Amino acid sequence: MTPSDDARFMALALALGRRGLGRTWPNPAVGAVIVRNDVIVGRGWTQPGGRPHAETEALRRAGEAARGATMYVTLEPCSHHGKTPPCADAIVAAGIARVVSTMVDPNPEVSGAGHWRLADAGIVVEVGVGAEEAARAHAGHMRRVRDRRPHVILKLAVSADGKAGLAGRRPAAITGEAARARVHALRATCDAVLTGIGTALADNPLLTCRLPGMAERSPVRLVLDDGLRLPPDSRLVATAREVPLWVLAGEAAPAEREQALQRQGAEVLRMTSAAGRLDLLAVLRRLAERGITRLMVEAGPILAAALLDADLVDEAVLLRAPTSIGADGIDALEGLPLEALTRHLSLVGSETAGADTIERYERR
Numbered sequence: 294m295t296p297s298d299d300a301r302f303m304a305l306a307l308a309l310g311r312r313g314l315g316r317t318w319p320n321p322a323v324g325a326v327i328v329r330n331d332v333i334v335g336r337g338w339t340q341p342g343g344r345p346h347a348e349t350e351a352l353r354r355a356g357e358a359a360r361g362a363t364m365y366v367t368l369e370p371c372s373h374h375g376k377t378p379p380c381a382d383a384i385v386a387a388g389i390a391r392v393v394s395t396m397v398d399p400n401p402e403v404s405g406a407g408h409w410r411l412a413d414a415g416i417v418v419e420v421g422v423g424a425e426e427a428a429r430a431h432a433g434h435m436r437r438v439r440d441r442r443p444h445v446i447l448k449l450a451v452s453a454d455g456k457a458g459l460a461g462r463r464p465a466a467i468t469g470e471a472a473r474a475r476v477h478a479l480r481a482t483c484d485a486v487l488t489g490i491g492t493a494l495a496d497n498p499l500l501t502c503r504l505p506g507m508a509e510r511s512p513v514r515l516v517l518d519d520g521l522r523l524p525p526d527s528r529l530v531a532t533a534r535e536v537p538l539w540v541l542a543g544e545a546a547p548a549e550r551e552q553a554l555q556r557q558g559a560e561v562l563r564m565t566s567a568a569g570r571l572d573l574l575a576v577l578r579r580l581a582e583r584g585i586t587r588l589m590v591e592a593g594p595i596l597a598a599a600l601l602d603a604d605l606v607d608e609a610v611l612l613r614a615p616t617s618i619g620a621d622g623i624d625a626l627e628g629l630p631l632e633a634l635t636r637h638l639s640l641v642g643s644e645t646a647g648a649d650t651i652e653r654y655e656r657r
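Numbering (my numbering), first residue to last: 294 to 657.
Have a look at this one:
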């Protein structure tokens, strides 16, 4: 295989892996392609819930054609016994001759051991093809392993004059249908979507993915609600048995409110709080403990600014509308200029969606 062949087949493996984003947590969304004599004989991606893994799916589809073939995989194959046997052992048993991998898995249970096991069995192992794109695809997995929190994606919709709402903290429809469809698509690639109680009360959102045929890709909905003020008749609570709803509350919140939410299918996670506010890093670490790797934040100016101020935003999606709201509108970031986005993030791309512009920022 030439370097261009390797890049081409790895690009396909990465595309396959992205199919699982938002559905495989707590496991990473991996893709795998098996090639023999320049013909693809097997392909796989991590299945919902995190198993079967991509490698075993590709091997199953390839069958005997895997013997002597090359496997392209978007993350180091696992080498430890979990709920399934190690993928490295399955690759060896299938007779794969060469494995091209993007990167070492930072999980300490793997961390090079998978590559070593393959090489020790006589398989040619090459690491680094597609590494930059793989780092984006596996950002949630890496953040959870290294920092014990999810990868945080902040979504902001702002008017031409940098406002996020009307005077009196009233909600406003800022962007058009095309941009809103992009938001729904982004939700589908995340494990969970977080909002604050202020936004939940003001907007009464659903926070589901409502693109045609994609309802099952809706993420877990999360509400930061120190005092458990979320009304039992809200749309979030009313749909809690259809799409999971976790409410993060302070330890002093009334027990009867917790019970009312639980009766309708919501789950309440108690956290310590101070001055009526939950500690954001503690919240993120609690979510990571529960397996969340990719967290989308759709919140008001207060929570958005707090996350930025604490340097807890890893990626931002800024939707800019061409119309203005006016000087009496609410700033997109409470107490911060919109330029605060670029303190730790850099603009990496921009595109149009209808009349709106969508900018993407990533951590430097």
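We put the beta carbon where it would ideally sit given N, CA and C, even for glycine. Just so we're clear, the structure is a prediction, and the values are computed from it rather than from any experiment.
Out of curiosity, what's the CA-to-CA distance linking residue i and residue j?
i      : j      : result
Thr247 : Pro370 : There is simply no residue 247 to check, as the chain begins at 294 and stops at 657 in what is shown.
Val590 : Ala481 : 13 Å
Gly407 : Ser372 : 5 Å
Gly569 : Gly543 : 8 Å
Arg514 : Val486 : 5 Å
Ile490 : His434 : 28 Å
Ala648 : Pro615 : 7 Å
Gly324 : Leu580 : 25 Å
Ser639 : Tyr654 : 5 Å
Arg550 : Glu582 : 25 Å
Ala304 : Glu644 : 22 Å
Gly310 : Ala548 : 42 Å
His346 : Val385 : 15 Å
Val561 : Val418 : 46 Å
Asn497 : Leu517 : 14 Å
Ile465 : Ala592 : It is Ala, not Ile, that sits at residue 465 in the sequence shown. The straight-line gap from Cα to Cα measures roughly 13 Å.
Ala308 : Gly520 : 42 Å
Phe302 : Pro524 : 50 Å
Val641 : Leu611 : 12 Å
Gly388 : Arg360 : 4 Å
Arg343 : Asp484 : Inspection of the sequence shows that residue 343 is occupied by Gly rather than by Arg. So the two alpha carbons sit approximately 12 Å from each other.
Arg316 : Gln340 : 8 Å
Ala599 : Gly337 : 40 Å
Ala597 : Ile467 : 17 Å
Leu631 : Glu652 : 13 Å
Val540 : Gly313 : 25 Å
Could you check whether residue j and residue i sit closer than 8 Å to each other, using their CB atoms as the reference points?
i      : j      : result
Thr565 : Arg613 : no
Pro319 : Gly584 : yes
Thr395 : Thr367 : yes
Leu449 : Ala620 : no
Ala457 : Ala625 : yes
Glu350 : Cys380 : no
Arg587 : His431 : no
Ala495 : Arg462 : yes
Gly335 : Ala306 : no
Val403 : Tyr365 : no
Asp454 : Ser297 : no
Arg442 : Leu574 : yes
Leu499 : Gly622 : no
Asp422 : Val397 : It should be pointed out that residue 422 corresponds to Val in this sequence rather than to Asp. Contact flag unset, no.
With DSSP run on the structure shown, which of helix, strand or coil describes residue i?
i      : result
Ile490 : helix
Trp409 : helix
Asp624 : strand
Met662 : In this structure the chain extends from 294 to 657, so residue 662 is not present and cannot be described.
Ser527 : coil
Gly310 : helix
Ser394 : strand
Ala646 : strand
Ile595 : helix
Ala384 : Here residue 384 turns out to be Ile, not Ala, going by the sequence shown. Here Ile384 sits in helix by DSSP.
Glu509 : helix
Ala424 : helix
Gly433 : helix
Val323 : coil
Leu368 : coil
Ala542 : strand
Ala559 : coil
Arg550 : helix
Ser639 : strand
Leu629 : coil
Leu634 : helix
So is the beta-carbon of residue i under 7 Å away from any non-hydrogen atom of the ligand MG?
i      : result
Arg441 : You won't find the ligand MG in this model; it holds no ligand whatsoever.
Spell out a yes or no on whether the segment 632–642 and the segment 462–473 are touching, meaning 3 or more CB-CB pairs, one atom from each, closer than 8 Å.
-> no
Do three or more CB pairs link the segment 322–330 to the segment 603–620 at distances below 8 Å?
-> no
Which ranges does the alpha helix (DSSP H) cover as unbroken runs of at least 4 residues, wholly within the segment 436–504, from first to last along the chain?
-> 470–481 and 490–496
Touch check for the segment 527–540 and the segment 498–511: three-plus C-beta pairs under 8 Å?
-> yes
May I ask you to verify whether the segment 436–456 touches the segment 408–426, counting CB pairs closer than 8 Å and requiring at least 3?
-> no
Any chance you could list the alpha helix (DSSP H) runs of at least 4 consecutive residues sitting entirely within the segment 329–359, in chain order?
-> 347–355
Counting pairs of beta carbons, one from the segment 545–559 and one from the segment 524–532, are three or more of them closer than 8 Å?
-> yes
Let me know the beta strand (DSSP E) ranges lying completely inside the segment 565–615, each 3 residues or longer, listed in chain order.
-> 587–590 and 608–613
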